[in-house]
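S.K.: Next up is a structure, given as structure tokens.
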Amino acid sequence: MTAPTILGLDTAGPVIGAALLSDAAQLWSARVTRGADALLAPALAELLATVDRLDGVAVSVGPGAFTSLRVGVAAALGVAMARGCPVVPVSSLEARARGVEGERVLAMLDGRKGRAYVALRVGEHIGPEADLPPEQAVALADRPFVATGEGALVWRALVEQAGGVVAEGAGDSPALTVARLGRARLPQAVAPEAVRLNYIRSADARLPTR
152 MTAPTILGLD TAGPVIGAAL LSDAAQLWSA RVTRGADALL APALAELLAT VDRLDGVAVS
212 VGPGAFTSLR VGVAAALGVA MARGCPVVPV SSLEARARGV EGERVLAMLD GRKGRAYVAL
272 RVGEHIGPEA DLPPEQAVAL ADRPFVATGE GALVWRALVE QAGGVVAEGA GDSPALTVAR
332 LGRARLPQAV APEAVRLNYI RSADARLPTR
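When we follow the numbering used here, the leftmost residue of the sequence shown carries the number 152, and every step to the right adds one.
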């Protein structure tokens, strides 16, 4: 039986990425400061042109940069609706934590405003996601650990002071891990209209109050 073909997307951090997991794996990624949608659309078109069948789309739904998350999820939903396939929502922190080897892995994303989005993986168990000051975030690990995600690079000194090490490629796109998680969880996939973003923190872009 042929393994499902899955598109994985992650736009939670400054390095956005897309991966196509079929018989082989293809990965595209780019570091962006703005205009993620302009870069993502042609990359997706090029990846998808290599396959006739798409069985599902996996996308990181947060936490992460609000605007970039919206771009990634919108792109994922557009592909899913066009191809008639379901969507597997994936935590951006879990994708990072599961993409690195180690017994204790702390996934960290820069939440801005002096805060970090974090989740700790111990063995196969992923702990709750949190929005914390970075000093409290690294204290979660409690003992020697591996830190990954863009936040691990931003707060490298704090990680090392807490007895941790920053993973090689900590800032790389986890899109391929997102795709692999999507393949494993395809039976739990949902319709595109059921996908919800997971901001943890209230989005900065708000309607003016009266």
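Glycine included, each C-beta is placed from N, C-alpha and C at the ideal position. Keep in mind it's a predicted model, so treat the numbers as computed, not measured.
To test your reading of the DSSP string, which unbroken beta strand (DSSP E) runs of 3 or more residues are found completely within the region 187–253?
M.R.: Segments of the beta strand (DSSP E) lying fully in the region 187–253: 207–211 and 238–241.
S.K.: Measuring straight from C-alpha to C-alpha, what distance separates Val316 and Arg347?
M.R.: For the purposes of this step, residue 316 is taken as residue 165 along the sequence shown, with counting starting at 1. For the purposes of this step, residue 347 is taken as residue 196 along the sequence shown, with counting starting at 1. The straight-line gap from Cα to Cα measures roughly 33 angstroms.
S.K.: From the DSSP output, in three-state form, read off Gly159 for me.
M.R.: As a working note, residue 159 is residue 8 in the sequence shown. Reduced to three states, the DSSP call for Gly159 is strand.
S.K.: Check this for me: beta carbons of Ala248 and Arg272, under 8 angstroms apart or not?
M.R.: Numbered from its first residue, the sequence shown carries residue 248 at position 97. Numbered from its first residue, the sequence shown carries residue 272 at position 121. Yes, the Cβ-Cβ distance between Ala248 and Arg272 is below 8 angstroms.
S.K.: Alpha carbon to alpha carbon, how far is Pro214 from Tyr350?
M.R.: By 1-based counting over the sequence shown, the position of residue 214 is 63. By 1-based counting over the sequence shown, the position of residue 350 is 199. Roughly 5 angstroms separates the two Cα atoms.
S.K.: Looking at C-alpha atoms only, which residue of Asp293, Arg294 and Val310 is the closest neighbour of Gly300?
M.R.: Here residue 300 refers to the residue found at position 149 of the sequence shown. Nearest of Asp293, Arg294 and Val310 to Gly300, Cα basis: Val310.
S.K.: For Ala326, does the three-state DSSP call read helix, strand or coil?
M.R.: By 1-based counting over the sequence shown, the position of residue 326 is 175. Here Ala326 sits in helix by DSSP.
S.K.: What does the Cβ neighbour count give for Arg334, buried or exposed, with the cut at 16 atoms within 10 Å?
M.R.: Translated into positions along the sequence shown, residue 334 becomes position 183. Result: buried.
S.K.: Note down, in chain order, each residue of its chain lying with its Cβ closer than 8 angstroms to the Cβ of Ala181, except the 5 sequence neighbours on either side.
M.R.: Stepping through the sequence shown from its first residue, residue 181 is reached at position 30. Within the same chain, Ala181 has close Cβ partners Val166, Ile167, Gly168, Leu190 and Ala194.
S.K.: First and last residue of the alpha helix (DSSP H) that includes Leu309?
M.R.: For the purposes of this step, residue 309 is taken as residue 158 along the sequence shown, with counting starting at 1. Run containing Leu309: Arg307 to Gln312, per the alpha helix (DSSP H) assignment.
S.K.: Let me know if Arg361 comes out buried or exposed under the rule of 16 or more other beta-carbons within 10 Å of its beta-carbon.
M.R.: By 1-based counting over the sequence shown, the position of residue 361 is 210. In this prediction, Arg361 has a pLDDT of 35, which is less than 50 and means its spatial position is unreliable; nothing more can be read from the coordinates.
S.K.: What is the DSSP secondary structure of Gly168, reduced to helix, strand or coil?
M.R.: Translated into the one-based positions of the sequence shown, residue 168 becomes position 17. Three-state result, Gly168: strand.
S.K.: What is the rounded straight-line gap between the Cα of Arg336 and the Cα of Val239?
M.R.: The residue labelled residue 336 in the question sits at position 185 within the sequence shown. The residue labelled residue 239 in the question sits at position 88 within the sequence shown. Approximately 7 angstroms, taken between the alpha carbons.
S.K.: Pull up the distance between the alpha-carbon of Ser324 and that of Asp161, whole angstroms please.
M.R.: Against the sequence shown, residue 324 aligns to sequence position 173. Against the sequence shown, residue 161 aligns to sequence position 10. Roughly 7 angstroms between the two C-alpha positions.
S.K.: Can you grab the Cα-Cα spacing for the pair Val341 / Ala227, in whole Å?
M.R.: Taking the sequence shown and counting its residues from 1, one reaches residue 341 at position 190. Taking the sequence shown and counting its residues from 1, one reaches residue 227 at position 76. If you take the alpha carbons of Val341 and Ala227, they lie about 12 angstroms apart.
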